[in-house]
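In the numbering used here, the protein residues as written are 8 to 252.
The structure appears right after this line, and notes come after that.
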Amino acid sequence: MSSSLEQYQQQFMQGMTGNNDAAHLPEFVTPIKRLPVYQDHYREVLLKCLQDCFVCTKELLGERIFNEFSLEYIQQYPSVSEDLVGYGADFSIFLHMKISLTNVNYPPRFICDVAHYDFLRQGCYYAANHQAFPLEFFIGLNDEQQLASQVMKQAGLLLQKSKFNLLEISGQAVLEYPSYHFYMHYRQEGKVKITTVDEATFNLLKTLQQAQPIGQLNEAQIEMLPTFINNGWLMMNRGSHDISG
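Written out as structure tokens, the structure is:
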């Protein structure tokens with residue numbers, strides 16, 4: 008008869024403790040006593056996850072304050088997924104609320120934007136690989152087919168707007184601009200970079216986060232598409248045409 012998982016666990020603990028009586032294992036190895044060990048490890052894993060992701064935010068706040076805020080966030084919002092890449096998606100909002108109530112020497116909006124910047128950089132790094140736009144196939148379509156073609160931005164292009172300079176993040180002389188600057192995070196040769204784009208480009212890329220038929224775009228947006236394709240920013244939704252051949 009095959010042993011159950013519980014039996015294997017008991018045999019393991021007996022071997023570790025030298026006690027052959029499973030009913031009289033030391034109290035510190037009983038499940039209820041082991042639980043805090045697992046909880047501590049779980050918190051450490053999530054804390055390391057936040058530390059690795061929010062590098063610039065940690066540098067601005069300092070390790071002590073960052074860890075304090077992070078552990079409170081972990082307590083309130085533990086991970087509900089096995090994939091930790093997306094953990095901390097709303098950490099920037101949490102930090103905004105925390106800093107608004109504390110004496111941190113930075114504007115809450117600035118820390119919020121820097122945290123979002125950190126999160127987008129990680130998301131960009133782990134995003135799906137670039138897909139080449141099938142230009143030759145597209146050119147071979149008639150006008151009606153081209154207008155019906157669905158296009159969307161590359162998964163590795165992530166967008167952010169901020170009234171702060173995110174090209175050079177520094178804790179010195181934080182200046183808030185009167186209007187938004189528009190940023191695009193992108194991955195190039197395995198490295199994540201950031202650049203500014205104009206508002207029209209930003210808005211069209213936001214629109215193309217979901218696949219859109221070209222015919223549903225306005226004339227000005229359609230005129231921008233050749234530049235987007237040339238820059239490698241767009242891919243064609245494979246569901247709109249059979250482009251496998």
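Beta carbons: idealized from backbone N, C-alpha and C, even for Gly.
Since this is a predicted model, take the numbers as computed values, not measurements.
- The beta-carbon distance between G239 and H103, rounded to whole angstroms, is 34 angstroms. This is too long to meet the 8 angstroms contact definition.
- 8 angstroms or more divides the Cβ of A155 from the Cβ of R194.
- In this structure, the alpha-carbon of C60 lies about 16 angstroms from that of L165.
- Annotated three-state conformation of Y132 is helix, per DSSP.
- In this chain, the beta strand (DSSP E) harbouring V158 covers Q157 to K160.
- Checking the DSSP bridge columns, you'll see Q195 partnered with K198.
- Residue pairing by DSSP places K168 opposite F189 in a beta bridge.
- Taking a contact to require three or more Cβ pairs closer than 8 angstroms, the segment 146-162 and the segment 213-226 qualify as touching.
- When G69, L67, L68 and A96 are compared, the shortest CA-CA separation from I81 is found for A96.
- Residue environment analysis places K65 among the buried positions, since at least 16 neighbouring C-beta atoms fall within 10 angstroms of its C-beta.
- Here DSSP, grouped into helix, strand and coil, assigns P114 to coil.
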